[in-house]
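A quick write-up on the structure given underneath.
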Amino acid sequence: MAKKTLKILTIHSKETNDNILNFISEKLESINYRVKRATVEAKEESLCKEIGSSVRQCDVVLFIGGVGTEYSGLVWQAVAKVFHQQLIVNPHLAKYTNSVEYTTAYAKCFEYTHNGTFPVMYVQGLFLLTDDVKLLQSSILNIAVPFLTHLNGDVVFKRKLTIEAKGGPPKICGGSEVHVSLCTASDVAILHLTSSNMSALLDYENKLLEDYKVLDRRENADIEDLVYSQSDSHVKKSVEVSTSALRSV
1 MAKKTLKILT IHSKETNDNI LNFISEKLES INYRVKRATV EAKEESLCKE IGSSVRQCDV
61 VLFIGGVGTE YSGLVWQAVA KVFHQQLIVN PHLAKYTNSV EYTTAYAKCF EYTHNGTFPV
121 MYVQGLFLLT DDVKLLQSSI LNIAVPFLTH LNGDVVFKRK LTIEAKGGPP KICGGSEVHV
181 SLCTASDVAI LHLTSSNMSA LLDYENKLLE DYKVLDRREN ADIEDLVYSQ SDSHVKKSVE
241 VSTSALRSV
């Protein structure tokens, strides 16, 4: 599986402990991420430029110092511009900082019930974390790593085909990269195909089209829709699974 790229951003004018950065990098590399680092000036224009380019070029971006710090307000102004979102008061962060905290309207807050873990904010591939060493370490271990581990899993592509089966259930078995489940009803058979290899899935489907009369196809007949919908649902599922896991702790 190809490694996803992840960039760690820190404020240039604020010292960040090298030990904690090395710790974060090692943890992320251990779950198959290629890690980059960069510093950015605490100026709105610089923040907008760096955040914008980073989220376009990398699969994931971690901004250390993006919440609960003296620079967090400035960082969130830049985030709002990059993602074209309105700034709102966030009640989740206010509980931890005892002050008014602004985030973008659609930012997601990951909280962990264990004492000593600061929440992590998430906006479209961008994670914003505290820069307090102890709180940051706990947030990385308890929130970021579980989420990113799941996000780095294989995307599963799905297809559903209905084929003619007047002579009885067809004898169909999946290939090494395609899993097939089959159920019959009247004179038709409904096939559910799944694979993490899109090319293998489409090749297998084309073979079925040659050998059987396909009556109906589902899960997006257009290949671009297939890629977009399955990849997008994978990200959504990562959010759902991670949120569920955090709530159950």
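What the sequence shown shows, in the UniProt record's numbering, is residues 1 to 249, in sequence order. Note that the Cβ used here is the ideal one computed from N, Cα and C, for glycine as well.
Between the region 182 to 201 and the region 40 to 51, the count of Cβ pairs shorter than 8 Å is below three; the stretches do not touch.
According to DSSP, histidine 179 shares a beta bridge with Thr194. By the Cβ rule, the region 20 to 29 counts as touching the region 138 to 152, because three or more pairs are nearer than 8 Å. Taking C-beta atoms as the reference points, leucine 126 and aspartate 59 fail to come closer than 8 Å.
Contact between the region 174 to 185 and the region 200 to 208 is established, with three or more Cβ pairs separated by less than 8 Å. Membership of isoleucine 20 in any beta strand (DSSP E) is not indicated; the residue belongs instead to the alpha helix (DSSP H) covering 18 to 30.
Assigned with DSSP and collapsed to three states, valine 61 falls in strand. Of the candidates Leu28, Leu151, Asn90, the residue whose Cα lies closest to the Cα of glycine 68 is Asn90. Contact check for leucine 129 against glycine 66 passes: the beta carbons are separated by less than 8 Å. Per DSSP, the beta bridge partners of lysine 36 are Lys7. The criterion of a C-beta distance shorter than 8 Å is not satisfied by tyrosine 102 and phenylalanine 118. Taken in chain order, the complete beta strand (DSSP E) segments of 3 residues or longer contained in the region 118 to 155 are 120 to 123, 126 to 129. A distance of 8 Å or more separates the beta carbons of leucine 47 and alanine 80. Between phenylalanine 83 and valine 120, the gap from beta carbon to beta carbon reaches 8 Å or more. For the options Glu70, Asn197, Lys4, Asn19, the alpha carbon positioned closest to that of valine 100 is the one of Glu70. In this structure, arginine 37 places its C-beta atom within 8 Å of the C-beta atom of isoleucine 8.
Within the DSSP secondary-structure output, arginine 159 pairs in a beta bridge with Leu193. The three-state reading of DSSP puts threonine 184 in strand, counting E and B together.
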